[in-house]
Amino acid sequence: MELRRNRIFRIMLAWLAPLAGAIYPAEMAGGVYGSAWLGTSLDRAGVWKWDLAAGAAVHRRSFRDLAFVIGNEAAGARPAAEIDFTRTMLPLMAGPVLKLSLLEMNLPNLPGLGWAAKTGVDKVTSLKDTGLLLRPFVSHTILWSRESNGNGTASEKRRYRDWGWGGEIGIYFTTDDGITSTLSVLYHHVSVDRKQGSEAAGLPDNRQVNLNGVAFLLTMGFGM
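Going letter by letter, the sequence shown gives residues 2 to 225 in this note's numbering.
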């Protein structure tokens, strides 16, 4: 396989998924978030193309929700209370990107004709390539959460972290000036464990936060 290293910096903007209501609707409700990716093309020739990509995102949201809180253990109490959350999530993601070029797939297979057809397409349009993409990835997510009860008697900043996974599927368009645009849907799942925080009465008793995110993405890539 021919190795062609073409570093690509991609700015990603995520919109709300209308069916889910928001990205991470249960634990990180609402918002429009951004992320950045740095990738290297391994094989850009032929119908199948491969990239490697790594990136990070920042999600921040403040909201109020009802949660079980730490009570009087001697009395066996596990009451519920309204908690104010301010959460900042930093997922670090990496994985391969598989591209299926619909343009290359529809070129003639006879020697010389494929090249001639590709040259003709380049002359009449600025579109250099288009196709489908699939990007599975692993993630390492850190979640900082400021949690305060409604009466102000207990407040603490907790830290959660753990590994997760996800995937992205969509379509891409590459123009002759090296800009790649992608429309895709992304899913991300992670269960982060609490690594820092006390067991103070009145605070949520959750030692783990489950995050399931769905988002529509618009990606703009610039070759360097």
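Backbone N, C-alpha and C define an ideal beta-carbon position, used for all residues, glycine too.
Other residues of its chain near residue i: CB distance less than 6 Å, five sequence neighbours each side excluded
i	result
A155	A201, G203 and L204
N211	S192
C-alpha distance - residue i paired with residue j, whole-angstrom precision
i	j	result
R136	A55	11 Å
L67	Q209	16 Å
E105	P97	20 Å
G151	T142	28 Å
V48	L101	6 Å
G31	T175	For G31, the predicted model reports a pLDDT of 48, less than 50, meaning its position is unreliable; a value from the coordinates is still stated below. Rounded to whole angstroms, G31 to T175 spans 31 Å at the Cα level.
D178	M221	13 Å
P80	F69	6 Å
E148	R62	12 Å
N131	S42	Sequence check: residue 131 is Thr here, not Asn. Straight-line Cα distance between these residues: approximately 16 Å.
D206	R65	16 Å
I172	G72	51 Å
Cβ-based burial, residue i [other Cβ within 10 Å; buried from 16]
i	result
W38	buried
D52	buried
A46	exposed
V59	exposed
DSSP bridge partner residues for residue i (one or two, in chain order)
i	result
G96	A54
D206	DSSP output for D206 lists no bridge partner at all.
V48	In the DSSP output, where bridge partners are listed per residue, V48 has none listed.
T181	T175 and G222
L134	K100 and G171
Other residues of its chain near residue i: CB distance less than 8 Å, five sequence neighbours each side excluded
i	result
G168	L135, R136, P137, F138, L187 and Y188
A194	Contrary to the premise, residue 194 reads as Asp rather than Ala in this sequence. Excluding residues within five positions, the ones whose Cβ falls inside 8 Å are Y161, R162, D163, R208 and Q209.
Cβ shell of residue i (< 7 Å), same chain only, five flanking positions each side left out
i	result
K50	D44, K100 and S102
For the pair the segment 202-213 and the segment 175-185, tell me if three or more CB-CB distances fall below 8 Å. no
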